[in-house]
Amino acid sequence: MPRVVECAPWRWLKEGRESRKLVLVVVFVALLLDNMLLTVVVPIVPTFLYATEYEGANSSASQNWLMAAPTAFAAPPFSSMFSYFDNTTVTVSGYVAVNTTVGVNRTENSSLPQLTGASLPPKNSCVDGEAFLMEENVRVGLLFASKALMQLIINPFVGPLTNRIGYHIPMFAGFIIMFLSTVMFAFSGTYTLLLVARALQGIGSSFSSVAGLGMLASVYTDDYERGNAMGIALGGLALGVLVGAPFGSVMYEFVGKSAPFLILAFLALLDGALQLCILQPSKISPESTKGTPVFTLLRDPYILVAAGALCFANMGVAMLEPTLPIWMMQTMCSPKWQLGMAFLPASISYLIGTNLFGVLAHKMGRWLCSLIGMVVVGISLLCVPLAQNIYGLIGPNGGLGFAIGMVDSSMMPIMGYLVDLRHTSVYGSVYAIADVAFCMGFAIGPSTGGVIVRAIGFPWLMVIIGVTNIAYAPLCWYLRSPPAKEEKIAILNQECPMQTKCYATQKPLREFPLTDGSDEEAESEE
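With this note's numbering, letter number 146 in the sequence shown gets 368, and the count goes up by one each step, no holes.
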């Protein structure tokens, strides 16, 4: 009897390793944490840099001025005012008004400092330092873009690596790097250290995203099941985006900068323990079939159209992340907690959109779903500058998130479908391309968004990216019925003549995870 009790956990562990649903859970949690860290910094970084660099510099400068000022007009605590009785002035908090007195005492305060237009707070402005905030648009945009830039560099190597050694080890390596990045965010106090932490996150995200999506595509070989699984996995991405920005703004406002990152580091440790139990990351399990080279996939026009849809749809929200909080600080006088809450409608609607259209897009046509989604993305972006307060952002941001959910939940399964239809059914490289497209949006968006805002303003930035999405949308029509490659037509016609959406994979569905004797079993079956 004790022997049975001792073996029960091992039996559960063995069953878990053979379950596709637990693999989906692992990918879901990995994408959730990655995107929580992606968005938790959105409301924190602009206000943190403003508080540490602008306000800190000004407070030290004002202290130095007061120390150097004469005691006669530095000591009194009252501000300067005009008196009709004796025509004298009184100083308040170190400032003296422009001399408006008339009469014999006109020369009494001629030696006192006078307020000029430069020292007065700017009119119709919520915060001081307009020039600093305009410059900060560029710096914050570059910081946010550094993650995506690192992913662009690393992804071309991660895709072929997963084909050689399997998905398990890269997935676990991504967890380790993400954990180090999260801890570094918690204790970084300068712009340079934040930039390094963000770039390190990009490396870890590259390993987790490519390996996770490729693993799902290899486990769920049926097109309908794959669409559902991708929708659920992208739901983890959506939930991370949903929770990240509001969670970061509230924790930063009421607890401190380090608190949200330390909590995320603890959750990352739990994810690492789950991966150790389910994925066996010490085992090398290469694909039995050699995958199509990345450059061959990049020459496929249908894959490029799908990748472009992912890039431009996500570029809209990528441009909003660094610029919208600063625009709200300038025009809406928003407190810190509202800067993250502004993204809440987009996150909730994205969560709904990915889960709803993961199933619905298969029925209505994924090309049509993505076409409609890109049009709605463009319209929503055009409406963002019309908002007068945070409540005016609910509609545009909600429509934006829902539409991006339509595009993502359609394009991710199409990537796997195109590889099955036109290339070899090995998915590491094609999901590296999908992640590159996603990252190009998040690299180009923030880095150019800040520059465009400084040059022509935030409203015109929204017009440019909104019109771009609407103009690109008709290209999704080409994904309506992509042709198969000549060498795969015979395989497809045996299983499903006259139906392009039904296809047979090149290798039979194998038990997951792969055991040591799985290759021999597959050969004997053939």
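Ideal placement from N, C-alpha and C gives every residue a C-beta, glycine not left out.
Check, Outcome
"Span of the alpha helix (DSSP H) holding Gly530?", "Pro523 to Thr553"
"Hey, Ala535 and Gly595 are a contact pair by Cβ (cut 8 angstroms); roughly how many whole angstroms apart?", "7 angstroms"
"Looking at C-beta atoms only, is the number of pairs between the stretch 603 to 612 and the stretch 494 to 501 that lie closer than 8 angstroms three or more?", "no"
"Quick test of your reading: Gly426 and Met400, contact by CB under 8 angstroms. State the CB separation rounded to the nearest angstrom.", "4 angstroms"
"Please state whether DSSP places Pro704 in a helix, a strand or coil.", "coil"
"For the stretch 567 to 577 and the stretch 585 to 594, state whether three or more C-beta atom pairs, one from each stretch, are separated by less than 8 angstroms.", "no"
"Do the stretch 650 to 665 and the stretch 360 to 376 touch if we need at least three Cβ pairs shorter than 8 angstroms?", "yes"
"When the Cα atoms are used, what is the spatial distance from Leu561 to Ala408?", "20 angstroms"
"Drop a sphere of 10 angstroms on the beta-carbon of Val581, count the other beta-carbons inside from all chains shown, and report buried for 16 or more, exposed for fewer.", "exposed"
"To the nearest angstrom, how far is the alpha carbon of Leu383 from that of Ala273?", "43 angstroms"
"Measuring alpha carbon to alpha carbon, tell me which residue in Thr545, Phe565, Val472 and Ile655 is nearest Pro378.", "Ile655"
"With burial defined as no fewer than 16 other Cβ atoms inside 10 Å of the residue's Cβ, what is the status of Ser669: buried or exposed?", "buried"
"If Val380 sits next to Pro392, beta carbons under 8 angstroms apart, how far is it from one beta carbon to the other, in whole angstroms?", "6 angstroms"
"I'd like the list of long-range same chain contacts for Trp549, defined as Cβ closer than 7 angstroms, with 5 residues on each side in sequence excluded.", "Phe680"
"Across the stretch 621 to 636 and the stretch 471 to 490, are there enough close Cβ pairs to call them in contact, namely three or more that are closer than 8 angstroms?", "no"
"Beta carbon of Leu519, beta carbon of Ser651: below 9 angstroms?", "yes"
"Hey, how far is the Cα of Ile525 from the Cα of Tyr442?", "20 angstroms"
"Does any residue of chain C bring its CB to less than 9 angstroms from the CB of Ser651?", "Looking at the structure shown, chain C is missing, and only one protein chain is on hand."
"For Leu603, which residues from the same chain have a beta carbon less than 6 angstroms from its beta carbon, with the 5 sequence-adjacent residues on both sides left out?", "Gly538, Met684, Ile687 and Gly688"
"Are the beta-carbon atoms of Trp699 and Leu593 separated by less than 9 angstroms?", "yes"
"Look up Thr670 in the DSSP assignment and say whether it is helix, strand or coil.", "helix"
"For Met637 versus Tyr653, is the C-beta spacing smaller than 9 angstroms?", "yes"
"Helix, strand or coil, according to DSSP, for Gln373 in the structure here?", "helix"
"Measuring only the C-alpha atoms, how far is Ser556 from Thr545?", "14 angstroms"
"To the nearest angstrom, report how far apart Arg448 and Thr553 are at their CA atoms.", "45 angstroms"
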